[in-house]
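As structure tokens, the structure follows; a few thoughts come after it.
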Amino acid sequence: MRRARLLVALGLVALAGTAALAQMSAEIVPPLTGAGQPMENLPADPIPRWIVDDVRKMRAYPEQPPIIPHSIEGYQLSVNANRCMSCHKREFTEGSGAPMISVTHYMTREGQMLADVSPRRYFCTACHVPQADTAPLVGNTFVDMSELGVGHAGDE
């Protein structure tokens, strides 16, 4: 009986803590919803302009897939065709001047090298996206290690 009371008390403490945490995070994180009322009609924001200057952008974090710095409007991307590969596939990069897709795109999940792009890496826009000229939805306070004064190993 004493054990049951203890379990009930612990459950109530966990529930109260979860509710308090949810309330605190709601005050800290701005909501990403639009209308105050769920069914309220609001005018749509204008469609942002795509950044299409062909300038490669710095990645925001390690292992981030590079963004697409050019227009992909009208590109065919289906099981039968992938317009991206006409420039970014290894054998076409010299003529196109485009960066080659990573060698990881030629590997299976088990690390086996393939002669052609892996089917799991074929649909480029699953990871790579064009960049829009718009304000971020949520503020970002990320600071890169290089901006914190941390040097590279062996820079002394």
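Residues -22 to -1, 1 to 134 in mature numbering (1 follows the signal peptide of the UniProt record, and there is no 0) are what the sequence shown lists, from first letter to last.
The beta carbon of each residue, even a glycine, is placed where N, CA and C say it ideally should be.
Check                                                                                                                                                              : Outcome
With a threshold of 8 Å, are at least 3 pairs of Cβ atoms found where one atom belongs to the segment 15 to 25 and the other to the segment 56 to 63?              : no
For Met85, which residues from the same chain have a beta carbon less than 8 Å from its beta carbon, with the 5 sequence-adjacent residues on both sides left out? : Met91, Leu92, Ser96
Would you mind reading off the limits of the alpha helix (DSSP H) that contains Glu72?                                                                             : 71 to 74
Measure the C-alpha to C-alpha separation of Pro47 and Ile29 and round it to an integer number of angstroms.                                                       : 6 Å
Suppose the cutoff is 8 Å on Cβ atoms and the five residues either side in sequence are ignored; what does the same chain contact list for Arg87 look like?        : Arg98
Write down the C-beta distance between Thr112 and Pro26 rounded to the nearest angstrom, noting that I regard them as a contact closer than 8 Å.                   : 4 Å
Pop quiz: Pro21 and His106 are said to be a contact at Cβ under 8 Å. What is the actual Cβ separation, rounded to whole angstroms?                                 : Going by Cβ atoms, the distance from Pro21 to His106 rounds to 31 Å, so no, they are not a contact pair.
May I ask you to report which of helix, strand or coil DSSP gives residue 152?                                                                                     : Since the displayed the chain opens at -22 and closes at 134, residue 152 lies outside it and no answer follows.
The alpha helix (DSSP H) that contains Cys65, what's its start and end?                                                                                            : 63 to 66
What did DSSP end up calling Met123 once you bin it into helix, strand or coil?                                                                                    : helix
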